[in-house]
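Report on one structure; see the data block that follows.
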Amino acid sequence: MLADVVPYLVCPVCGADLDLTGRRLRCPGGHAFDIARQGYANLLPGNARPGTADTPEMVRARDEFLEAGHFAAPADRLAWNVSQAGASFVLDAGAGTGHYLSRILDRAPGAVGLALDISKHAARRAAKAHPRCGAVVADLWRPLPLRDGAADTVVNVFAPRNAAEFHRVLRDDGLLCTVTPSPRHLAPLVEPLGMLSIDKRKTERMDTALAGYFKLDSRQELETEAVLTHDEVATLVGMGPSAHHVPADRLRERLDRLPDPLTAPLSFVLSTYRRLE
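15 is the number of the first residue of the sequence shown in our numbering; add one for each residue after it.
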């Protein structure tokens with residue numbers, strides 16, 4: 015519930031602590047933010063725009079895909095990794111519908127979590143993803159509405175990474191846990207579907223982008239596969255960088271040339287970084 019994470023939140027306008035009063039979050043400076051009936055709070059500043067945030071249709075399709083268990087392997091491995099850290103407060107930055115955070119909280123019975131995403135449609139679902147999960151709408155590229163050193167662990171799954179803000183909101187010995195696709199992820203489908211290939215130096219570039227704020231603590235590669243219908247493949251393409259590259263009608267034309275269902279390789283890199291002083 016949102017009430018569980020309010021002690022970690024700050025006003026996105028002035029940075030002051032937020033308090034829960036009825037159905038509103040308020041700061042001493044007079045800024046107030048309503049809690050939606052679905053249980054999430056929109057903490058985007060007034061001049062912020064959601065941009066390319068997920069639509070209701072995208073959120074629904076993504077949630078159905080994840081709930082079908084196709085990404086169960088990285089979800090379970092991530093949950094185990096985070097549980098070993100003994101975190102009491104976990105921030106999922108770019109949480110979507112809270113699928114991964116819910117798995118984490120199932121393995122960490124003493125922890126609470128915050129699902130942060132720029133899509134209000136995703137936040138609606140994330141607010142109900144787990145009894146110990148709160149959800150807010152916020153922009154990863156702006157100052158996060160969290161106190162300095164609030165989080166024990168920051169989780170980032172297939173989402174943008176704001177190294178400076180992740181560093182700020184983590185405690186001194188906090189961990190950043192990321193999940194990214196490897197170049198082998200869906201590789202046989204790249205050419206026939208006209209998808210963008212994954213940069214072979216993606217992991218190296220991520221390490222470079224985080225350098226100065228984090229140092230690599232551990233890394234695991236996870237290889238699996240899934241049997242997917244054409245509809246599920248279309249959803250999976252829409253969850254990645256090819257979403258804005260392959261028009262939906264063109265994707266369907268190309269899928270019609272492939273078996274239905276088809277077997278697709280799934281390949282993930284799970285990295286754990288330790289916060290630098």
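Glycine included, each C-beta is placed from N, C-alpha and C at the ideal position.
Just so it is clear, the structure is predicted and the values come from calculations on it, not from any experiment.
ask   = Does the stretch 255-274 touch the stretch 216-234, meaning 3 or more C-beta pairs lie closer than 8 Å?
value = no
ask   = Hey, how far is the Cα of residue 267 from the Cα of residue 198?
value = Residue 267 sits at position 253 when you count from the first residue of the sequence shown. Residue 198 sits at position 184 when you count from the first residue of the sequence shown. Distance between the alpha carbons of residue 267 and residue 198 is about 24 Å.
query = Can the beta-carbon of residue 138 be found less than 8 Å from the beta-carbon of residue 94?
reply = Mapped onto the sequence shown, residue 138 falls at position 124. Mapped onto the sequence shown, residue 94 falls at position 80. Not in contact: residue 138 and residue 94 (Cβ atoms no closer than 8 Å).
task = Let me know the secondary structure DSSP gives residue 96 once reduced to three states.
result = Locating residue 96 in the sequence shown gives position 82, where the first residue counts as 1. Correct three-state label for residue 96: helix.
inquiry  = If I follow the unbroken alpha helix (DSSP H) through residue 204, where does it start and stop?
reply    = Against the sequence shown, residue 204 aligns to sequence position 190. Here the alpha helix (DSSP H) through residue 204 covers 201-207.
message = Rounded to the nearest angstrom, what separates residue 85 and residue 243 at their Cα positions?
response = Looking up residue 85 in the sequence shown gives position 71. Looking up residue 243 in the sequence shown gives position 229. Rounded to whole angstroms, residue 85 to residue 243 spans 15 Å at the Cα level.
query = Are the CB atoms of residue 195 and residue 97 nearer to each other than 8 Å?
reply = Here residue 195 refers to the residue found at position 181 of the sequence shown. Here residue 97 refers to the residue found at position 83 of the sequence shown. Taking 8 Å as the Cβ cut-off, residue 195 and residue 97 do not qualify as a contacting pair.
task = Have a look at residue 228 and residue 189 and give me their C-alpha separation to the nearest angstrom.
result = Position 214 of the sequence shown, counted from the start, is the residue given in the question as residue 228. Position 175 of the sequence shown, counted from the start, is the residue given in the question as residue 189. For residue 228 and residue 189, the distance between alpha carbons rounds to 9 Å.
ask   = Just checking, does the stretch 205-213 make contact with the stretch 253-260 on the three C-beta pairs under 8 Å criterion?
value = yes
Residue 77, enclosing alpha helix (DSSP H) - first and last residue = Stepping through the sequence shown from its first residue, residue 77 is reached at position 63. Taken as a continuous stretch (DSSP letters only), the alpha helix (DSSP H) holding residue 77 covers 70-81.
message = Taking the alpha carbon of residue 174 as the reference point, which residue from 74, 262 and 154 has its own alpha carbon closest?
response = Reading the sequence shown from its first residue, position 160 is the one you call residue 174. Checking every option, the nearest Cα to that of residue 174 belongs to 154.
query = Between 60, 147 and 246, which lies nearest to residue 103 when the distance is taken from Cα to Cα?
reply = Position 89 of the sequence shown, counted from the start, is the residue given in the question as residue 103. Between residue 103 and the set 60, 147 and 246, the nearest pair of CA atoms involves 147.
ask   = Going by alpha carbons, who is nearest to residue 136 out of 181, 53 and 204?
value = As a position in the sequence shown, residue 136 is number 122, starting the count at 1. Of the listed residues, the one whose Cα sits closest to residue 136 is 53.
query = Straight-line CA distance for residue 200 to residue 278?
reply = On the sequence shown, position 186 is the one that residue 200 refers to. On the sequence shown, position 264 is the one that residue 278 refers to. Computed Cα separation, rounded: 6 Å.
request  = For residue 283, collect the residues of the same chain with a Cβ closer than 6 Å to its Cβ; drop the 5 residues on either side in sequence, then sort them by chain order.
outcome  = Looking up residue 283 in the sequence shown gives position 269. Correct list, in chain order: 194, 196, 217 and 235.
ask   = Measuring CA to CA, which of 128, 129, 78 and 126 is closest to residue 250?
value = Looking up residue 250 in the sequence shown gives position 236. The shortest CA-to-CA distance from residue 250 to any of 128, 129, 78 and 126 is the one to 78.
request  = Go ahead and label residue 108 buried or exposed: buried means 16 or more other beta carbons lie within 10 angstroms of its beta carbon, across all protein chains shown.
outcome  = Mapped onto the sequence shown, residue 108 falls at position 94. With 16 or more Cβ atoms within 10 Å of its Cβ, residue 108 is classed as buried.
ask   = Which residue spans inside the stretch 130-183 form an unbroken alpha helix (DSSP H) run of at least 4?
value = As far as the stretch 130-183 is concerned, its whole alpha helix (DSSP H) runs of at least 4 residues are 134-140 and 177-183.
ask   = The alpha helix (DSSP H) with residue 263 in it runs from where to where?
value = For the purposes of this step, residue 263 is identified with residue 249 of the sequence shown, where counting begins at 1. 262-269 is the span of the alpha helix (DSSP H), which, as asked, contains residue 263.
task = Kindly indicate which residue of 36, 248, 19 and 232 has the alpha-carbon position closest to the one of residue 125.
result = By 1-based counting over the sequence shown, the position of residue 125 is 111. Ranking 36, 248, 19 and 232 by Cα distance to residue 125 puts 19 first.
ask   = Taking the DSSP output, what are the residues bridged to residue 218?
value = Looking up residue 218 in the sequence shown gives position 204. None, per the DSSP bridge assignment.
query = With respect to the beta strand (DSSP E) encompassing residue 277, which residues constitute its N-terminal and C-terminal limits?
reply = In the sequence shown, residue 277 corresponds to position 263, counting from 1. Counting along the chain, the beta strand (DSSP E) containing residue 277 begins and ends at 276-289.
message = Please report the distance separating the alpha-carbon of residue 226 from that of residue 290.
response = Position 212 of the sequence shown, counted from the first residue, corresponds to residue 226. Position 276 of the sequence shown, counted from the first residue, corresponds to residue 290. Each residue's Cα considered, the two are about 7 Å apart.
task = Could you name the residues of the same chain whose beta carbon sits closer than 8 Å to that of residue 270, not counting the 5 residues immediately before and after it, in chain order?
result = Position 256 of the sequence shown, counted from the start, is the residue given in the question as residue 270. Here the set comprises 244.
task = Kindly give me the distance between the Cβ atoms of residue 14 and residue 163, rounded to whole angstroms, as I take these residues to be in contact under 8 Å.
result = Any question about residue 14 goes unanswered here, given that the chain covers just 15 to 291.
query = Skipping 5 residues on each side, what residues in its chain have a beta carbon closer than 7 Å to that of residue 31?
reply = Residue mapping note: residue 31 aligns to position 17 of the sequence shown, counting from 1. Cβ neighbours of residue 31 beyond the five flanking positions: 24 and 41.
query = Between which two residues does the alpha helix (DSSP H) harbouring residue 248 extend?
reply = Along the sequence shown, read from residue 1 onward, the residue named residue 248 stands at position 234. Start and end: 244-252.
Distance between residue 263 and residue 231 (C-alpha atoms, nearest Å) = Position 217 of the sequence shown holds residue 231. Position 249 of the sequence shown holds residue 263. Using only the alpha carbons, I get a separation of about 43 Å.
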